[in-house]
Every structure is written in C-alpha cells, then in structure tokens.
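Heads up: the sequence shown is residues 13 to 99, going by my numbering.
Just so you know, even glycine gets a beta-carbon here, dropped at the ideal spot from N, CA and C.
These numbers come from a predicted model, not from an experiment.
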Amino acid sequence: MFSVMKHGATSIAVTLTLAMCLQNVSAQAPLDSLKSDFEEEVGESITEFEEYSRQALEEYNEYSRQAAEDYAAYVQSIKTAWGGGIY
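Here it is, written out as structure tokens:
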C-alpha cells in the first residue's frame with residue numbers, strides 16, 4: 013500500500029511539475045509580446061523626443077538670434093536718439 017501511495021505521489025508531483033512547465037511556456041509568449049511592444053513604444057518615444065528636442069533647439073537658436081538683432085537695433089536707436097554719445 014505504501015509503495016502504491018509513493019508511486020501515486022510521484023506521479024502527481026511529475027504531473028504538477030509538467031503542468032507548471034507548460035503554464036510557464038504558455039505564459040512566456042504573452043510576456044515576449046509585451047516586451048516586444050514595450051521596446052517598440054520606447055523606440056518610438058525616443059525618436060519622437062529626439063525630433064522634439066532638435067526642433068526646440070532650432071526654435072531657441074532662432075529666437076536668440078532674433079533677440080540679439082532686436083537688442084542691437086534698440087541700442088543703435090538709443091545711440092542715434094542721444095546723438096551717439098556714451099550711451
């Protein structure tokens with residue numbers, strides 16, 4: 013009787029181990045899919061941010077250039093109005 017129980021317990025353990033392995037294999041596919049989707053989204057986000065960053069830098073440089081030109085014109089107008097003195 014004990015040997016039958018022992019064999020039955022071993023059989024149950026093997027069955028449970030096999031079931032867990034199969035469950036792990038079937039659970040791996042959705043995880044791989046999630047990982048792939050995540051990596052794709054991250055890649056797209058990085059690309060979008062790099063484009064945004066490049067555009068923002070270009071706009072900032074244009075703004076800075078225009079501000080410098082405007083300031084130079086302002087200073088020149090003051091010098092002209094005050095007769096080109098020390099101002």
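- Message: I need the straight-line Cα distance from Ile58 to Tyr64, nearest angstrom please.
- Response: 10 Å
- For Gly55, which of helix, strand or coil comes out of DSSP? helix
- Message: Suppose you measure from the CA of Leu69 to the CA of Ser48; what does that come to, to the nearest Å?
- Response: 31 Å
- Length of the line joining the Cα atoms of Gln40 and Phe50: 15 Å
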